[in-house]
Amino acid sequence: MSHLGPATKPFQIMSIDTIGGFGGQRSTKKYLHLLVDHFTRFAFILTSKTQSAADFIKLVNKVLETEKIDILLADQYSGLNSKEFKEFLTDNDVQLIFTAVDTPFSNGLNERLNQTLVNKMRCKINEKKEKKSWTSVARECIDKYNETEHSVTGFAPEYLLEGKDTSILPQELRQPTNIDRWIKDREEALERTIRSHTYNKKIFDKGRKHIEFNIGELVYIENGNKMNRNKMDNLRIGPFEITGKISNTIYKINTGRTRKETGIYHITKLIRMEEGINSESLGEEYYE
Numbered sequence: 002m003s004h005l006g007p008a009t010k011p012f013q014i015m016s017i018d019t020i021g022g023f024g025g026q027r028s029t030k031k032y033l034h035l036l037v038d039h040f041t042r043f044a045f046i047l048t049s050k051t052q053s054a055a056d057f058i059k060l061v062n063k064v065l066e067t068e069k070i071d072i073l074l075a076d077q078y079s080g081l082n083s084k085e086f087k088e089f090l091t092d093n094d095v096q097l098i099f100t101a102v103d104t105p106f107s108n109g110l111n112e113r114l115n116q117t118l119v120n121k122m123r124c125k126i127n128e129k130k131e132k133k134s135w136t137s138v139a140r141e142c143i144d145k146y147n148e149t150e151h152s153v154t155g156f157a158p159e160y161l162l163e164g165k166d167t168s169i170l171p172q173e174l175r176q177p178t179n180i181d182r183w184i185k186d187r188e189e190a191l192e193r194t195i196r197s198h199t200y201n202k203k204i205f206d207k208g209r210k211h212i213e214f215n216i217g218e219l220v221y222i223e224n225g226n227k228m229n230r231n232k233m234d235n236l237r238i239g240p241f242e243i244t245g246k247i248s249n250t251i252y253k254i255n256t257g258r259t260r261k262e263t264g265i266y267h268i269t270k271l272i273r274m275e276e277g278i279n280s281e282s283l284g285e286e287y288y289e
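Residues in the sequence shown are numbered consecutively from 2, following my numbering.
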């Protein structure tokens, strides 16, 4: 599990991610960029033709125009790892933390929402009704998500963020937001989030074999993943030196790359050099 604990207030921790592979559905845009608040679970989106620094800056600015983001959790896309984007965050006093390489569960909140959102969009696009662009469908789906009770917090993200009544009652029958009730509901949502985080960590730790590496130790690392690796590529590359320990599961590895942020790896991607790995035993028969 991530060493970041549950957020205790809105915009304390946010995650940013990208879903690609769109296009052809009445739009020339190909990417859906997603920014999620860890406390309320409220999601902001931006659709674009690229995944450049400018796209991510535009999305984050949707929040920074009115709020302060403390921590931004991000995957290591080139646009997010660019000098332009990092300087933008520094200027706005936002701490950027990269997730480990090729470990989607390091940014689990976004990954689960990604799957849910894509499934909802697929169903709507394939309905035999009036055809819409995938970008319009994405907006409809994210609005519906923000108005729907979240399974963890027990409240709709929009309600937790803004105090807005998202019930199905007609507007004229809805009660004005009670500030005291809203504050108590936020406290209850936090308690539920902490319970969920504790439970998930317990399950994760129970099924995880305890392994610990030392700084200075040589390790092999997984070469990409099954989806982006060529058939004849080695499954592991290295050995490389461990240069730092971020948490019990995240390590810094000196891979020789210029950008130090790209050397962050989850423990599940590492294997000790002393465990008998050599250039002949890096093929698929050893690992799969």
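No residue lacks a Cβ here, since even glycine has one placed at the ideal position from N, Cα and C.
The structure displayed is predicted, hence computed values, not measured ones.
Alpha carbon of residue 38 to alpha carbon of residue 64, nearest angstrom: Using only the alpha carbons, I get a separation of about 10 angstroms.
Top-ranked residue by Cα proximity to residue 257, from 73, 239 and 179: Of the listed residues, the one whose Cα sits closest to residue 257 is 239.
Continuous beta strand (DSSP E) stretch holding residue 16: start and end: 14-20
C-beta contact flag for residue 94 and residue 14 at 9 angstroms: no
Identity of the residue in 248, 157 and 201 nearest residue 186 by Cα: By alpha-carbon distance to residue 186, the top candidate from 248, 157 and 201 is 157.
Residues near residue 269 in its chain [Cβ-Cβ closer than 6 angstroms; skip 5 each side]: The beta carbon of residue 269 lies closer than 6 angstroms to none in the same chain, with the five residues before and after it left out.
Option in 69, 250 and 245 with minimal Cα separation from residue 219: The option with the nearest alpha carbon to residue 219 is 245.
Residues that residue 92 bridges to, as DSSP identifies them: In DSSP, residue 92 forms no bridge with anything.
Check whether residue 147 and residue 167 have beta carbons under 9 angstroms apart: yes
Three-state secondary structure (DSSP) of residue 240: strand
Own chain partners of residue 193 with C-beta closer than 8 angstroms, once the 5 adjacent residues on each side are dropped: Result list for residue 193: 153, 154 and 155, in chain order.
Start and end residues, alpha helix (DSSP H) containing residue 248: Element bounds for residue 248: n/a, residue is neither H nor E.
C-beta atoms of residue 57 and residue 81 nearer than 9 angstroms: yes
Length of the line joining the Cα atoms of residue 212 and residue 6: Distance between the alpha carbons of residue 212 and residue 6 is about 22 angstroms.
Of the listed residues 200, 184 and 98, nearest to residue 265 (C-alpha basis): 98
Residues near residue 180 by beta carbon distance below 8 angstroms, same chain, minus five either side: 164
Residue 242 to residue 251 span [Cα, whole Å]: Near 14 angstroms, if we compare the C-alpha coordinates of residue 251 and residue 242.
C-alpha distance - residue 125 paired with residue 133, whole-angstrom precision: Residue 125 and residue 133 have their C-alpha atoms spaced approximately 9 angstroms apart.
Cβ-Cβ distance between residue 23 and residue 48 below 9 angstroms: A contact, by the Cβ cut-off of 9 angstroms.
Residue 41, buried or exposed, once every other Cβ within 10 Å from all chains shown has been counted against 16: buried
Beta-carbon contacts of residue 227 that lie in its chain and below 6 angstroms, excluding the five residues immediately before and after: With a pLDDT of only 48 at residue 227, under the threshold of 50, the placement of this residue in the model should not be trusted; the figure read from the coordinates follows. Cβ neighbours of residue 227 beyond the five flanking positions: none.
Cα-Cα separation between residue 216 and residue 79, rounded to whole angstroms: 27 angstroms
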